[in-house]
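Chains as they are written, first to last, in this note's numbering: chain P, 1 to 338; chain H, 1 to 276.
Every residue, glycine too, gets a C-beta built ideally from N, C-alpha and C.
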């Protein structure tokens, strides 16, 4: 008997953070302007130590002006999507749940587009609109996925797929008819990428991420029991309604946040929690933080590949994650059927 | 029980059910489809109570009322002197444990992880299990004779083993009242006897009341201290097996010809009449 200890959580998360740092440094190196790894590391440490004046101005521009903001955005988006994925999987008691698969990302994208059309100059409106879009979509999918009062795994996934294609069609329609406006390309909203820097400051995005993910983290003991059985969890004293509400709202916020700045990048919320489960077990107290960091690592790597695989031509990062995610999804579905 | 003074009698009572009733209806205004009650009985510490009745007699409804998941229409359910629906969910889970048919696990779980879940009501919001929780879980597993498969995966267990583990999780809650919903349903006859012997022993060893919902006449007669007989939502009789087991009454309720004889130990023995 080896129950999970806070020490083990911290040790594993620490190791993953080191891995994230390594990936970030490698990613900082990639690009047209040549800069070596030792140069990147010294630049980063000088900046942290407050000796910005000792950094060559070219490095300052390349590292902090161009490359790091995009990587930081990737970290935020990856962490948000993975945490939301882990949240939806517990909420719907379905290991195949993921913001993209369930159509929540498309709902958030539609919300964002609506906000760009109707309230183009209101700060933060796009984030709120994508959160509302995500929340409404998950509520619809949840209602459609019920059969005889019970959530049915297959029906739920079908509902998600139908919502995704319907919402994508609406997005296509809006984008084609409103082509004169600056709403970014269809590919951004359907596939997602990290090319465009967000209007809202990274600081704020990070703050919302920490709060929403923190809310989910406070429910992880309860989620462990809910995953064993909702009725049983209730008998063991879990306030199932409250926990579900917290996870539902927080996961929708995280999805809305990610989609509003990066479009709908798919399969991250499916892929990452599953890899973490295979590595570290199913305990949500460990799964939520490791998924957040793992999601950040995945997006940083995927974006690095998206930027470099085809030379100067960029592939949307969502295409990279879908290439990796779809096979994993099929594998998981086959394994469930067996 | 050797309690003598009124105060001691009072302290020995774990469960008190007073005139509890309930009604289901399709909508708020339509006439009730099903009514239960009023039901009254008491369960003392070390008691094994059997709620007995054929299908659709209201057993499960009564169980839900006792577990505090549903509020009775009238009357009250008290555990250790506290009205059960007024308790905070976690406090309630420290007093009442419910063993139901197992539900499908979504992700694999070790036996010890499953049993440790029974310690949840004793923790705070975001909790990590303490040394003491592990001791409790180990003891609970030992009490149900499941210590040897502590490190197994839940899905590796047989039906009977799994049920013992579910029972161990309930024991880890250290409840005053242990409720079991049709626990013998999926067991063979050997498993049934073993389980009831174990429940009998748990009731004797621990200071709690064990309440079993069942339709098995013979097993209830053999193991229960007290029987609550339900039929079509009405509580027909409560008392010791000898008091409740009336041939004409049981034949009418269960709709089979029965033979009932009283054995030397005072417990009735039930069998189907042979010319049936």
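For chain P, the residues of the segment 122-140 of chain H that bring a beta carbon within less than 8 Å of one of its beta carbons are 123, 125, 126, 127, 128, 129, 133, 134, 137 and 138, in chain order. Within chain P, no C-beta atom comes nearer than 9 Å to that of residue 153(H); the closest sits roughly 11 Å away. Taking C-beta separations shorter than 8 Å and ignoring five residues to either side along the sequence, the partners of residue 168(P) in its chain run 106 and 190, following chain order. In this structure, the straight-line span from the alpha carbon of residue 210(H) to that of residue 110(H) is close to 27 Å. By the Cβ rule, the segment 253-268 of chain P counts as touching the segment 317-328 of chain P, because three or more pairs are nearer than 8 Å.
The alpha-carbon of residue 170(H) is positioned some 8 Å away from that of residue 115(H). Among the residues facing chain P, residue 143(H) is not included, as its CB has no counterpart in that chain under 8 Å away. In the structure shown, the three-state DSSP call for residue 45(H) is coil. Between residue 204(H) and residue 142(H), the alpha-carbon positions lie close to 16 Å from each other.
At the C-beta level, residue 292(P) and residue 213(P) come within 8 Å of one another.
When secondary structure is reduced to three states using DSSP, residue 274(P) falls in the helix class. C-alpha of residue 213(H) to C-alpha of residue 228(H): approximately 9 Å in a straight line. The alpha carbon of residue 4(P) has as its nearest neighbour, out of 200(P), 271(P) and 282(P), the alpha carbon of 282(P). At least one beta carbon of chain H lies nearer than 8 Å to the beta carbon of residue 234(P). Rounded to the nearest whole angstrom, the CA to CA distance from residue 1(P) to residue 294(P) is 27 Å. Chain H places no beta carbon closer than 8 Å to that of residue 83(P), leaving this residue out of the contacts. Taken through DSSP and simplified to helix, strand or coil, residue 196(H) comes out as helix.
In the three-state scheme derived from DSSP, where H, G and I count as helix and E and B as strand, residue 54(P) is classed as helix. Sequence-distant Cβ neighbours of residue 197(P) in its own chain, meaning closer than 8 Å and more than five residues away, are 69, 70 and 73.
Assignment of beta-bridge partners to residue 215(P) by DSSP yields no partner. Contact between the segment 61-77 of chain H and the segment 243-261 of chain H is absent, with fewer than three C-beta pairs closer than 8 Å. For the segment 84-102 of chain H, the set of residues with a beta-carbon nearer than 9 Å to any beta-carbon of chain P comprises 88, 89, 90, 91, 92, 93, 94, 96, 97, 98, 100 and 102, in chain order. Within the segment 148-181 of chain H, the residues whose Cβ lies closer than 8 Å to some Cβ of chain P are 150, 151 and 173, listed in chain order.
Residue 226(H) is bridged by DSSP to 49(H). For residue 329(P), the closest C-alpha among the options 79(P), 49(P) and 100(P) is that of 100(P). Taking the C-beta atoms as reference points, residue 65(H) is found no nearer than 8 Å to residue 51(H). Here the C-alpha atom of residue 89(H) lies approximately 20 Å from the C-alpha atom of residue 91(P). Counted as a single uninterrupted DSSP element, the beta strand (DSSP E) harbouring residue 78(H) occupies residues 74-79.
Note that the C-beta distance between residue 85(P) and residue 141(P) is not below 8 Å.
If you compare the alpha carbons of 138(P), 133(P) and 113(P) with that of residue 173(P), the shortest gap goes to 113(P). Within the same chain, Cβ atoms closer than 6 Å to the Cβ of residue 146(H) are found at 164, 165 and 168, the five residues on either side in sequence being excluded. Look at residue 38(P) here: in three-state DSSP terms it is helix. Positions of the alpha helix (DSSP H) runs, each at least 4 residues long and wholly inside the segment 157-214 of chain H, are given as 159-172 and 189-205 in order along the chain.
Within 10 angstroms of the beta-carbon of residue 226(H) lie 16 or more other beta-carbons, which makes it buried. Secondary structure of residue 100(H) (DSSP, three-state): coil.
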